[in-house]
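Trainee: All the letters of the sequence shown, read from the start, carry residue numbers 424 to 792 under our numbering.
The beta-carbon is built from N, C-alpha and C at its ideal position, and this holds for glycine as well.
In this text, all values refer to a predicted model and were calculated from it rather than measured experimentally.
The structure follows.
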Amino acid sequence: MSLSIMGCGFCEAALSNTVGTLVVNCVVKPVGRQLDYVCRFHDNVEKLREKKRELADARKRLLLKIEEAKNRLLLIEDDVQNLQSRADETLSDMGTLDEEIQLNKRCLNWCPNWSWRYQLSKKAMKKIQDISELLDKFGQLGPVGYPAPTALPTIDFLCSKEFVFSKSSETAFYQIIEALKDENINMIGLWGMGGVGKTTLAREVGSQAQKLKLFDKVVITVVSQKPNFEKIEDEIAQYIGFDMKNEQGRRSEQELWLRLKNEPRILIILDDIWESINLKEKIGIPIGDDHKGCKVLLTTRRQQVCQAMDCQNLVQLGCLNDDEARTLFEKKAGLDDFSDDSIKIRANQIGKKCGGLPIAIVPLGSALK
Numbered sequence: 424m425s426l427s428i429m430g431c432g433f434c435e436a437a438l439s440n441t442v443g444t445l446v447v448n449c450v451v452k453p454v455g456r457q458l459d460y461v462c463r464f465h466d467n468v469e470k471l472r473e474k475k476r477e478l479a480d481a482r483k484r485l486l487l488k489i490e491e492a493k494n495r496l497l498l499i500e501d502d503v504q505n506l507q508s509r510a511d512e513t514l515s516d517m518g519t520l521d522e523e524i525q526l527n528k529r530c531l532n533w534c535p536n537w538s539w540r541y542q543l544s545k546k547a548m549k550k551i552q553d554i555s556e557l558l559d560k561f562g563q564l565g566p567v568g569y570p571a572p573t574a575l576p577t578i579d580f581l582c583s584k585e586f587v588f589s590k591s592s593e594t595a596f597y598q599i600i601e602a603l604k605d606e607n608i609n610m611i612g613l614w615g616m617g618g619v620g621k622t623t624l625a626r627e628v629g630s631q632a633q634k635l636k637l638f639d640k641v642v643i644t645v646v647s648q649k650p651n652f653e654k655i656e657d658e659i660a661q662y663i664g665f666d667m668k669n670e671q672g673r674r675s676e677q678e679l680w681l682r683l684k685n686e687p688r689i690l691i692i693l694d695d696i697w698e699s700i701n702l703k704e705k706i707g708i709p710i711g712d713d714h715k716g717c718k719v720l721l722t723t724r725r726q727q728v729c730q731a732m733d734c735q736n737l738v739q740l741g742c743l744n745d746d747e748a749r750t751l752f753e754k755k756a757g758l759d760d761f762s763d764d765s766i767k768i769r770a771n772q773i774g775k776k777c778g779g780l781p782i783a784i785v786p787l788g789s790a791l792k
């Protein structure tokens, strides 16, 4: 009998504790949270306004980064655009909530509405949480933009097997390659008389520079005696996947300048320059302090052009000597050790008359092949 009574007492105590716990968890705590919304209304509103200011500042900084990226002609990352949209939407919602809070304040001066205050305080707490999560995403944000992916053309460089080294061209070649490796040199001038092979050598330099991985991209364009700067800009832009035309018409040299600054390592070969050119103003090429990763190799007939354009390294390409001229002519004419001696003598005479200029030797030899 006594055991039964004790068992009942234990059950009653356990039931009482369970009921008490349920009352606390299911009634007291929830009611406390609801009352907290009402009692801490002003604190929640002030916290919300502080979060709103933080979000507005973060959005402003993001917009500046986006503007800078667009000025550099980068495409904006999708997650960056989504974050901006969410920030815009949240700040817009905040305007509506602010109006409700101000209206509530005016009404409370005459007839307090605790239910309304509870609802607004609860909305404020939810919005504070949303903004805090949004601010975390701002803090984790990486680069806002990236270069536009484009299928780039390839430069028609000479095959190394087709390039014939002479004593002069070999010396010039290695001088230019060493200059391209020098971080303190950004302008190289290759000069020599017309037809000596400057264009051929410049193309070979470009080909080898890519094979040696000195540059990520190599661009070549012809300037000529009467330069068409729009055409030159278009050719350079094509090789970096950039269109000089836009909805407003044509992009400026400044826009090309900004786009070229995005290329970490680029060599621009300007062939056949006749007079000094301001590369930044006329074409939009950034060099020197503007962009250490951009180098220019120019070819010209005039040494003074190299000097006027502040080339740090001047390389002269001379004519072929008699032996080199004869060898080149025989190769192009298809002559060998078994060819008639009289033909070889004649070939030597023609080579000399060509003045050691490959531009004259190559077509004559090929015509006789």
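Let me know the secondary structure DSSP gives ILE554 once reduced to three states.
Mentor: Residue state for ILE554 is assigned as helix, using DSSP reduced to three classes.
Trainee: Measuring only the C-alpha atoms, how far is ILE710 from GLN772?
Mentor: 46 Å
Trainee: Quick check: what's the CA-CA separation for LEU720 versus ILE611?
Mentor: 5 Å
Trainee: Let me make sure I understand the geometry here. Which of ILE691, LYS654, LYS755 has the alpha-carbon closest to that of ARG673?
Mentor: Nearest of ILE691, LYS654, LYS755 to ARG673, Cα basis: LYS654.
Trainee: LEU485 and GLN504 - do their beta-carbons sit closer together than 8 Å?
Mentor: Taking 8 Å as the Cβ cut-off, GLN504 and LEU485 do not qualify as a contacting pair.
Trainee: When you compare only the Cα positions, how much space is there between MET511 and LEU702?
Mentor: A quick correction: the sequence has Asp, not Met, at residue 511. Taking the straight line joining both Cα atoms gives about 42 Å.
Trainee: Give a yes or no on whether the C-beta atoms belonging to GLU747 and SER589 are separated by under 8 Å.
Mentor: yes
Trainee: Leaving aside the five residues before and after LEU637 along the sequence, list all residues of the same chain whose C-beta is less than 6 Å from its C-beta, in chain order.
Mentor: Cβ neighbours of LEU637 beyond the five flanking positions: LEU603.
Trainee: Quick one: residues in its chain with C-beta nearer than 8 Å to the C-beta of SER699, no 5 flanking neighbours on either side, listed in chain order?
Mentor: VAL728, ALA731, MET732
Trainee: Give every residue of the same chain whose Cβ lies closer than 7 Å to the Cβ of LEU780, excluding the five residues on either side of it in the sequence, and list them in chain order.
Mentor: GLY618, VAL619, CYS742
Trainee: Would you kindly work out how many angstroms separate the C-alpha atoms of PHE665 and GLU658, rounded to a whole number?
Mentor: 10 Å
Trainee: For GLU420 and LEU498, what's the separation of their Cα atoms in angstroms?
Mentor: Because the chain here runs from 424 to 792, residue 420 falls outside it and cannot be looked at.
Trainee: Looking only at its own chain, which residues have a Cβ that is under 6 Å from the Cβ of ASN736, when we skip the five neighbours before and after it?
Mentor: ALA602, ILE608, ILE611
Trainee: Pick out whichever of LYS488, SER592, ARG724 has its Cα sitting closest to the Cα of PHE822.
Mentor: With the chain represented from 424 up to 792, any question about residue 822 goes unanswered, as that position is not in the structure.
Trainee: Between SER789 and LYS755, how many whole angstroms is the CB-CB distance? I'm expecting something under 8 Å.
Mentor: Contact flag correct, Cβ pair sits at about 5 Å.
Trainee: Restricting to Cα atoms, I'd like to know which of GLN542, ARG476, ASP480 is closest to ARG463.
Mentor: GLN542
Trainee: Let's test the definition: count the other Cβ atoms within 10 Å of the Cβ of GLU469 and tell me whether it reaches 16, buried, or not, exposed.
Mentor: Exposed, by the Cβ-count rule.
Trainee: What are the residues that DSSP puts in a beta bridge with GLY615?
Mentor: DSSP, once it has assigned bridges, lists no residue as partnering GLY615.
Trainee: Runs of 4 residues minimum, wholly inside the segment 676–704: which ones carry the alpha helix (DSSP H) assignment?
Mentor: 676–683
Trainee: Could you tell me which residues DSSP puts in a beta bridge with GLY568?
Mentor: ILE499
Trainee: What's the C-alpha gap between GLU606 and LEU613?
Mentor: 18 Å
Trainee: Please report the residue range of the beta strand (DSSP E) in which CYS717 lies.
Mentor: It spans 717–723 - the beta strand (DSSP E) in which CYS717 sits, taken as one unbroken run.
Trainee: At which residues does the beta strand (DSSP E) containing LEU787 begin and terminate?
Mentor: First-last for LEU787: 781–790, but that is the alpha helix (DSSP H), not the beta strand (DSSP E).
Trainee: Between the beta-carbon of GLN633 and the beta-carbon of ILE600, is there less than 8 Å?
Mentor: no
Trainee: What distance in whole Å lies between the Cβ atoms of LYS649 and GLU686, which are believed to be in contact at a cut-off of 8 Å?
Mentor: Not confirmed; about 28 Å, so no contact.
Trainee: Mind checking which residues open and close the beta strand (DSSP E) that includes ASN736?
Mentor: 736–739
Trainee: Tell me which residues share the same chain as MET707 and place their Cβ nearer than 6 Å to its Cβ, disregarding the 5 neighbours each side in the sequence.
Mentor: The amino acid occupying residue 707 in the given sequence is Gly; Met does not appear at that position. The residues are GLU676, LEU679, TRP680.
Trainee: Output yes or no for whether 8 Å exceeds the beta carbon distance between LEU693 and THR644.
Mentor: In this structure, LEU693 sits near THR644, with a CB-CB distance shorter than 8 Å.
Trainee: Taking the straight line between their C-alpha atoms, what separation do you get for GLN598 and VAL738?
Mentor: 7 Å
Trainee: Kindly list the residues whose CB is nearer than 6 Å to the CB of THR577, restricted to its own chain and excluding five residues on each side of it in sequence; keep chain order.
Mentor: With a pLDDT of 49 at THR577, under the threshold of 50, the modelled position of this residue cannot be trusted; read the value that follows with caution. Excluding sequence neighbours, THR577 sits near nothing in its chain.
Trainee: Expressed to the nearest angstrom, what Euclidean distance is found between the alpha-carbon atoms of GLY455 and PRO566?
Mentor: With a pLDDT of 47 at GLY455, under the threshold of 50, the modelled position of this residue cannot be trusted, and the question is left open.
Trainee: Look at the alpha carbon of PRO786 and the alpha carbon of ALA770, and state the distance between them as a whole number of angstroms.
Mentor: Between PRO786 and ALA770, the C-alpha separation is close to 13 Å.
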